[in-house]
Amino acid sequence: MEYVYKRFSLAVLTILFLFSNNIFAAEGKYVFKAGHPSLKEWLLPDTVPYPEGNKPNKARIKLGKKLFFDPRLSGDGNMSCATCHNPALGWSDGLPTAKGVKSKVLGRASPTVFNTAYNSIQMWDGRKKSLEDQAMGPMEATVEMNMNTAKLFKWLNSNKEYISLFKAAYPGEKIAAPTVSKALATFERTAISNNSAFDRWVKGDSKAMSEQQIRGFKLFVGKADCAVCHSAPNFTDNGFHNIGLASWGNKNPDMGRYTQRPLRLMKGAFKTPTLREIERTAPYFHDGSAKTLQDVVKHYSQGGVVKTNLSPNMTKTKLSASERDDIVEFMRALSSPYKAISLPELPLN
Ligand code: HEC
Ligand code: HEC
Numbered sequence: 040m041e042y043v044y045k046r047f048s049l050a051v052l053t054i055l056f057l058f059s060n061n062i063f064a065a066e067g068k069y070v071f072k073a074g075h076p077s078l079k080e081w082l083l084p085d086t087v088p089y090p091e092g093n094k095p096n097k098a099r100i101k102l103g104k105k106l107f108f109d110p111r112l113s114g115d116g117n118m119s120c121a122t123c124h125n126p127a128l129g130w131s132d133g134l135p136t137a138k139g140v141k142s143k144v145l146g147r148a149s150p151t152v153f154n155t156a157y158n159s160i161q162m163w164d165g166r167k168k169s170l171e172d173q174a175m176g177p178m179e180a181t182v183e184m185n186m187n188t189a190k191l192f193k194w195l196n197s198n199k200e201y202i203s204l205f206k207a208a209y210p211g212e213k214i215a216a217p218t219v220s221k222a223l224a225t226f227e228r229t230a231i232s233n234n235s236a237f238d239r240w241v242k243g244d245s246k247a248m249s250e251q252q253i254r255g256f257k258l259f260v261g262k263a264d265c266a267v268c269h270s271a272p273n274f275t276d277n278g279f280h281n282i283g284l285a286s287w288g289n290k291n292p293d294m295g296r297y298t299q300r301p302l303r304l305m306k307g308a309f310k311t312p313t314l315r316e317i318e319r320t321a322p323y324f325h326d327g328s329a330k331t332l333q334d335v336v337k338h339y340s341q342g343g344v345v346k347t348n349l350s351p352n353m354t355k356t357k358l359s360a361s362e363r364d365d366i367v368e369f370m371r372a373l374s375s376p377y378k379a380i381s382l383p384e385l386p387l388n
């Protein structure tokens with residue numbers, strides 16, 4: 040019985056999925072007027088979510104920030120989280136794909152940390168569940184920070200300043216992977232983008248977006264159907280799609296989500312990234328193949344390059360040059376006023 044039920048709900052889900060384009064592509068569901076209630080679903084919740092046992096507080100943020108910027112978390116002592124997730128570069132690195140240990144070029148781009156607090160799944164292939172779950176990964180990865188973590192914990196446990204920072208942040212807990220992860224995750228939850236021109240327009244400031252940007256938003260949720268994947272409020276459905284990048288045609292392409300969930304649809308599928316602060320994080324896509332937002336929109340306008348296993352949600356709508364410009368201008372409205380982040384003073388050795 041349970042089996043039949045499962046099969047049935049799978050069929051319903053599949054049908055919903057196949058027709059989701061038509062059901063949800065809905066320019067008509069919005070009134071394009073600053074502050075209109077129909078737009079409210081695009082506002083992020085006022086409070087940033089966090090898991091049980093890791094409620095943010097000042098001591099935790101302070102510790103997490105020091106760890107995030109501390110190159111002694113890497114084997115060669117020359118690379119911190121901020122090397123690849125640099126707040127001055129939109130919490131990314133400005134590179135097509137990341138550079139790891141000994142400047143080795145890696146296969147995937149560094150995603151922004153902006154609004155990862157709202158992700159229900161982390162990494163391009165979704166192999167991590169939460170920020171806490173993700174945080175030790177880069178240190179342990181031999182191609183990234185290449186750190187001997189046993190050595191790291193030994194050092195942290197012998198460092199006077201870190202000892203007192205951990206004590207203030209996580210009293211009664213050991214200095215070990217769980218507390219290091221929780222502190223890093225807490226700091227990452229401060230990288231929030233929720234005050235863009237678009238947010239201000241949604242809240243009622245009619246001057247916040249230009250006419251062209253409003254046209255771009257209409258196209259984004261309507262004709263161009265971007266919002267079917269880059270959905271409200273964080274411009275992501277936390278789902279995985281093959282959008283037909285040229286690199287998918289390579290000899291041994293990156294299989295993306297398929298490595299975690301071996302379903303045909305997941306071959307070459309990657310997580311939908313947020314588009315908040317997108318102007319700051321060029322180049323684009325997991326392989327860094329699009330230099331500019333114009334290039335990105337052209338990619339979609341032609342319905343992808345390599346079409347084997349293409350997501351059924353990829354639009355086949357051709358966009359005119361001026362429509363493409365409008366969408367690019369709209370994406371520029373997703374940046375907040377720049378907030379400089381001061382560098383922390385790191386504990387002495
Ligand atoms: C060598 C560059 C590099 C360093 C150093 C690095 N990262 Fe990353 N980070 C990446 C890349 C590349 C990915 C995507 C990898 C993938 O999806 O396979 C990533 C993914 C992430 C994600 C997931 C974001 C998302 O939207 O899915 C988070 C969070 C993150 N890193 C945090 C950190 C933290 C915390 C540190 C330090 C402990 C760190 N990173 C160090 C390059 C780096
Ligand atoms: C079928 C779902 C889907 C649709 C439709 C879609 N996107 Fe995407 N978008 C994705 C996925 C998945 C990625 C990451 C793909 C990759 O790198 O392999 C992405 C990446 C991007 C990026 C690069 C983000 C980054 O951080 O590198 C931008 C910009 C973007 N999309 C904008 C748009 C625009 C504009 C539209 C409409 C014209 C659109 N998307 C339509 C799913 C979609």
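Each number in this note's numbering corresponds to the 1-based position in the sequence shown with 39 added.
Just so you know, even glycine gets a beta-carbon here, dropped at the ideal spot from N, CA and C.
Nothing here was measured: the structure is a model prediction, and the numbers come from that model.
query: Using the Cα positions of Tyr44 and Arg300, report the straight-line distance between them to the nearest angstrom.; result: Residue confidence for Tyr44 is low, a pLDDT of 48 falling below 50, so the modelled location carries little weight; the figure read from the coordinates is stated next. So the two alpha carbons sit approximately 22 Å from each other.
query: With DSSP collapsed to three states, give me the class of Lys167.; result: strand
query: Can you list, in chain order, the residues of its chain whose CB lies under 7 Å from that of Met248, leaving out five sequence neighbours each side?; result: Ala236, Phe237, Trp240 and Ala372
query: His269 lies in the alpha helix (DSSP H); which residues open and close that run?; result: Here His269 belongs to no alpha helix (DSSP H), and DSSP marks it neither H nor E.
query: Helix, strand or coil: which one does DSSP assign to Val144?; result: strand
query: In chain order, what residues of the same chain have a beta carbon less than 8 Å from the beta carbon of Lys169, not counting five sequence neighbours either side?; result: Reading the sequence as shown, one finds Ser at residue 169 and not Lys. The answer, listed in chain order, is Pro90, Gln161 and Ala224.
query: Beta-carbon within less than 6 Å of Phe392's beta-carbon, same chain only, minus the 5 sequence neighbours each way: which residues are those?; result: It is not possible to answer for residue 392, since the shown part of the chain is limited to 40 through 388.
query: So the alpha helix (DSSP H) Gly103 belongs to, where does it begin and stop?; result: Lys97 to Phe108
query: Closest by CA to Asn125, which one among Asp172, Phe107 and Gly307?; result: Phe107
query: For ligand 1, is there any heavy atom lying closer than 7 Å to the beta carbon of Phe279?; result: no
query: Verify the contact flag: Pro150, CB atom, against every heavy atom of ligand 1, threshold strictly below 7 Å.; result: yes
query: If you measure from the CB of Cys265, is any heavy atom of ligand 2 nearer than 7 Å?; result: yes
query: What does the Cβ neighbour count give for Tyr377, buried or exposed, with the cut at 16 atoms within 10 Å?; result: exposed
query: Out of Arg99, Phe205, Pro217 and Gly146, point me to the one whose CA is closest to Asp172's CA.; result: Pro217
query: Start and end of the alpha helix (DSSP H) containing Phe237?; result: Ala236 to Val241
query: Taking the beta carbon of Leu112 as the centre, do at least 16 other beta carbons fall within 10 Å, making it buried, or is it exposed?; result: buried
query: What does Lys138 pair with, by DSSP beta-bridge criteria?; result: Val144
query: Identify whether Phe259 lies in helix, strand or coil by the three-state DSSP scheme.; result: helix
query: Going by C-alpha distance, which of Ser220, Glu384 and Lys242 is nearest Ala174?; result: Ser220
query: Should Phe237 be counted as a contact of ligand 2 given a C-beta to heavy atom distance under 7 Å?; result: no
query: Label Gln252 either buried or exposed according to how many other C-beta atoms from any shown protein chain fall within 10 Å of its C-beta, with 16 as the threshold for buried.; result: buried
query: Could you tell me whether the Cβ atoms of Val87 and Ile231 are closer together than 8 Å?; result: yes
query: How would you write the range of the alpha helix (DSSP H) that Ser220 sits in, first residue to last?; result: Ala216 to Glu227
query: Would you say the segment 319 to 328 touches the segment 378 to 386, given that touching needs at least three Cβ pairs under 8 Å?; result: no
query: With a cut-off of 8 Å on the beta carbons, I'd call Ala263 and Thr331 a contact; round off their distance for me.; result: 17 Å between Cβ atoms; not a contact.
query: Quick one: using the 10 Å Cβ neighbour count with 16 as the cut-off for buried, is Gly92 buried or exposed?; result: exposed
query: Could you say which of Ile282, Pro76, Pro210 and Phe274 lies nearest to Phe369 if we only look at CA atoms?; result: Phe274
query: Less than 8 Å between the C-beta atoms of Ile366 and Thr229, yes or no?; result: no
query: Classify Leu57: buried if its beta carbon has 16 or more other beta carbons within 10 angstroms, exposed otherwise.; result: Only weak support exists for where Leu57 lies, its pLDDT of 46 falling under 50; the coordinates are left without a value.
query: Please report the residue range of the alpha helix (DSSP H) in which Leu332 lies.; result: Leu332 to Ser340
query: Here's a check: name, in chain order, each residue in its chain whose Cβ is nearer than 6 Å to the Cβ of Leu102, leaving out the five neighbours to either side.; result: Leu204, Ala208 and Ala222
query: Considering only residues of the same chain and omitting the five flanking positions on each side of Asn60, which have a CB-CB separation below 7 Å?; result: For Asn60, the predicted structure reports a pLDDT of 43, less than 50, and the residue's modelled location is therefore unreliable. A value from the coordinates is still provided. Hits under 7 Å: Asp264, Val267 and Asn352.
query: By the three-class DSSP mapping on this structure, what secondary structure does Ile62 have?; result: In this predicted model, Ile62 has a pLDDT of only 42, less than 50, meaning its place in the structure is not dependable enough to derive any value.
query: Specify whether the segment 277 to 284 and the segment 329 to 346 touch according to this definition: at least 3 beta carbon pairs, one from each stretch, less than 8 Å apart.; result: yes
query: First and last residue of the alpha helix (DSSP H) that includes Pro177?; result: Gly176 to Glu179
query: Under 8 Å between the Cβ atoms of Phe279 and Gly165?; result: yes
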